[in-house]
Amino acid sequence: NAGVTQTPKFQVLKTGQSMTLQCAQDMNHNSMYWYRQDPGMGLRLIYYSASEGTTDKGEVPNGYNVSRLNKREFSLRLESAAPSQTSVYFCASSEATYGYTFGSGTRLTVV
Amino acid sequence: GESVGLHLPTLSVQEGDNSIINCAYSNSASDYFIWYKQESGKGPQFIIDIRSNMDKRQGQRVTVLLNKTVKHLSLQIAATQPGDSAVYFCAENPDDYKLSFGAGTTVTVRA
Numbered sequence: 674n675a676g677v678t679q680t681p682k683f684q685v686l687k688t689g690q691s692m693t694l695q696c697a698q699d700m701n702h703n704s705m706y707w708y709r710q711d712p713g714m715g716l717r718l719i720y721y722s723a724s725e726g727t728t729d730k731g732e733v734p735n736g737y738n739v740s741r742l743n744k745r746e747f748s749l750r751l752e753s754a755a756p757s758q759t760s761v762y763f764c765a766s767s768e769a770t771y772g773y774t775f776g777s778g779t780r781l782t783v784v
Numbered sequence: 020g021e022s023v024g025l026h027l028p029t030l031s032v033q034e035g036d037n038s039i040i041n042c043a044y045s046n047s048a049s050d051y052f053i054w055y056k057q058e059s060g061k062g063p064q065f066i067i068d069i070r071s072n073m074d075k076r077q078g079q080r081v082t083v084l085l086n087k088t089v090k091h092l093s094l095q096i097a098a099t100q101p102g103d104s105a106v107y108f109c110a111e112n113p114d115d116y117k118l119s120f121g122a123g124t125t126v127t128v129r130a
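Sequence order for the protein chains is A and B. Numbering of the first sequence is given in my numbering, commencing with residue 674 and proceeding in unit increments. Numbering of the second sequence is given in my numbering, commencing with residue 20 and proceeding in unit increments.
If you want it as structure tokens, here you go:
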């Protein structure tokens, strides 16, 4: 049982480059989330998808886009990376709000 | 805005002692609270949760206490072990599908 799988685990981008972070879950959860984690600031919600076919903005959506490709997969795209987007990104899934399961994270550095 | 926060950013505990990690929340609409543990380089892991109609819930070596009067949440870890060294986050659900996280408390267990 893999749970939530994120790829890649590490990435270095130059300012202005684009990339997509991939996330897949095998628990048949309806809801999926993208968070970023910065030192001393906890986890902040970027976007979420309450169910397949829907996406909504979270607390810090600027500079990001998402796609709920199907029930299993939820991707996060940075169209033009900026140094302020250097962070650790976590994908999570759940049934409604309860019992989030997190992936192991993607460490992104933008130079 | 309203948010979840933790009283102390760090906590040092002697191995074998009990640990108490505190969290204050300000959103009176929240009806569900969770504690997560995050080890270095990993994603957050669910520890225990509690609903607002309860004031105490026990798990294996952990107890969560909820005081709605003063909007306070605590996590007690009995007989703290070296493997308990991690960052602990409390989270609340201010509305459906989304969790709001505090900044975290780093627990260090001294041998």
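Every residue gets a Cβ at the ideal spot worked out from N, C-alpha and C, and that includes glycine. Since the structure is predicted, the reported quantities are computational estimates derived from the model, not experimental observations.
Check: Which residues mark the beginning and the end of the beta strand (DSSP E) in which LEU27 (chain B) is found?
Finding: Residue mapping note: residue 27 (chain B) aligns to position 8 of the second sequence, counting from 1. Here LEU27 (chain B) belongs to no beta strand (DSSP E), and DSSP marks it neither H nor E.
Check: Does DSSP classify GLY772 (chain A) as helix, strand or coil?
Finding: As a working note, residue 772 (chain A) is residue 99 in the first sequence. Looking at GLY772 (chain A) - three-state DSSP - the assignment turns out to be strand.
Notebook entry, point to check: Which residues mark the beginning and the end of the beta strand (DSSP E) in which ASP74 (chain B) is found?
Noted result: Here residue 74 (chain B) refers to the residue found at position 55 of the second sequence. Here ASP74 (chain B) belongs to no beta strand (DSSP E), and DSSP marks it neither H nor E.
Item checked: Alpha-carbon to alpha-carbon, ASP103 (chain B) and GLY35 (chain B) -> As a first step, residue 35 (chain B) is located in the second sequence; it is residue number 16 there, counting from the start. As a first step, residue 103 (chain B) is located in the second sequence; it is residue number 84 there, counting from the start. One C-alpha to the other measures close to 11 Å.
Note to self: Using DSSP's beta-bridge definition, name the partner residues of HIS91 (chain B).
What the structure shows: Counting from 1 along the second sequence, the entry for residue 91 (chain B) is found at position 72. Paired residues: B:ALA43, B:ASN86.
Item checked: Of the listed residues B:THR125, B:ALA105, B:ASN112, B:THR124, nearest to GLU53 (chain B) (C-alpha basis) -> Here residue 53 (chain B) refers to the residue found at position 34 of the second sequence. For the sequence presented, residue 53 (chain B) should be read as Ile rather than Glu. The shortest Cα separation from ILE53 (chain B) among B:THR125, B:ALA105, B:ASN112, B:THR124 belongs to B:ASN112.
Next item on the list: Out of B:ASN37, B:GLU58, B:GLY62, B:VAL83, point me to the one whose CA is closest to CYS764 (chain A)'s CA.
Entry: For the purposes of this step, residue 764 (chain A) is taken as residue 91 along the first sequence, with counting starting at 1. For CYS764 (chain A), the nearest C-alpha among the options comes from B:GLY62.
Checklist line | Supposed contact pair ALA675 (chain A) and ASP699 (chain A) - C-beta distance, whole angstroms, cut 8 Å | finding: If you number the first sequence from 1, residue 699 (chain A) lands on position 26. If you number the first sequence from 1, residue 675 (chain A) lands on position 2. Right, their Cβ atoms sit about 5 Å apart.
Next item on the list: Name the two residues that bound the continuous beta strand (DSSP E) containing LYS117 (chain B).
Entry: In the second sequence, the residue the question calls residue 117 (chain B) occupies position 98. Run containing LYS117 (chain B): 117-120, per the beta strand (DSSP E) assignment.
Notebook entry, point to check: Start and end of the beta strand (DSSP E) containing ASP114 (chain B)?
Noted result: As a first step, residue 114 (chain B) must be located in the second sequence, where it is residue number 95. Segment 105-114, the beta strand (DSSP E) holding ASP114 (chain B).
Next item on the list: Determine the closest residue to GLU746 (chain A) out of A:GLN710, A:THR693, A:LYS730, A:PRO712, with distance taken between C-alpha atoms.
Entry: Within the first sequence, numbered from 1, the residue matching residue 746 (chain A) stands at position 73. With distances taken between Cα atoms, GLU746 (chain A) lies closest to A:THR693.
Check: Counting along the chain, where does the beta strand (DSSP E) carrying THR727 (chain A) start and finish?
Finding: Numbered from its first residue, the first sequence carries residue 727 (chain A) at position 54. From DSSP, THR727 (chain A) is part of no beta strand (DSSP E); its letter is neither H nor E.
Next item on the list: Return the first residue and the last residue of the beta strand (DSSP E) that GLN684 (chain A) is part of.
Entry: The residue given as residue 684 (chain A) occupies position 11 in the first sequence. 683-686 is the span of the beta strand (DSSP E), which, as asked, contains GLN684 (chain A).
Next item on the list: Give the residues from the segment 705-719 of chain A that approach chain B closer than 9 Å (Cβ to any Cβ), ordered along the chain.
Entry: TYR706, TYR708, GLN710, GLY713, MET714, GLY715, LEU716, ARG717, LEU718
Margin query: Given a cut-off of 8 Å on the beta-carbon distance, is the pair ILE96 (chain B) and VAL81 (chain B) in contact?
Written below: Working through the second sequence from its first residue, we reach residue 96 (chain B) at position 77. Working through the second sequence from its first residue, we reach residue 81 (chain B) at position 62. Yes, they are a contact pair.
Notebook entry, point to check: Would you report the Cα separation of SER22 (chain B) and VAL685 (chain A), rounded to the nearest angstrom?
Noted result: The count along the second sequence starts at 1 and reaches residue 22 (chain B) at position 3. The count along the first sequence starts at 1 and reaches residue 685 (chain A) at position 12. Below a pLDDT of 50, predicted positions are generally treated as unreliable, and SER22 (chain B), at 38, falls in that range; no measurement from the model is reported.
Notebook entry, point to check: Closest Cβ-Cβ distance between LEU92 (chain B) and chain A: below 8 Å?
Noted result: Position 73 of the second sequence, counted from the first residue, corresponds to residue 92 (chain B). Output row for LEU92 (chain B): interface = no.
Notebook entry, point to check: Are there 16 or more other CB atoms within 10 angstroms of the CB of MET73 (chain B), so buried, or fewer, so exposed?
Noted result: Position 54 of the second sequence, counted from the start, is the residue given in the question as residue 73 (chain B). Classification of MET73 (chain B): exposed, given that the 10 Å Cβ count is below 16.
Check: Taking the continuous beta strand (DSSP E) assigned at MET705 (chain A), which residues delimit it?
Finding: Counting from 1 along the first sequence, the entry for residue 705 (chain A) is found at position 32. Run containing MET705 (chain A): 704-710, per the beta strand (DSSP E) assignment.
Margin query: Can you list, in chain order, the residues of its chain with a C-beta nearer than 6 Å to that of VAL761 (chain A)? Leave out the 5 residues immediately preceding and following it.
Written below: In the first sequence, the residue the question calls residue 761 (chain A) occupies position 88. Excluding sequence neighbours, VAL761 (chain A) sits near GLN710, GLY778, ARG780.
Next item on the list: Consult DSSP for THR127 (chain B) and reduce its assignment to one of helix, strand or coil.
Entry: Residue numbering aside, residue 127 (chain B) sits at position 108 when the second sequence is read from its first letter. Looking at THR127 (chain B) - three-state DSSP - the assignment turns out to be strand.
Checklist line | Nearest-angstrom Cα separation, counted from SER45 (chain B) out to LEU84 (chain B) | finding: Taking the second sequence and counting its residues from 1, one reaches residue 84 (chain B) at position 65. Taking the second sequence and counting its residues from 1, one reaches residue 45 (chain B) at position 26. Taking the straight line from one Cα to the other gives about 16 Å.
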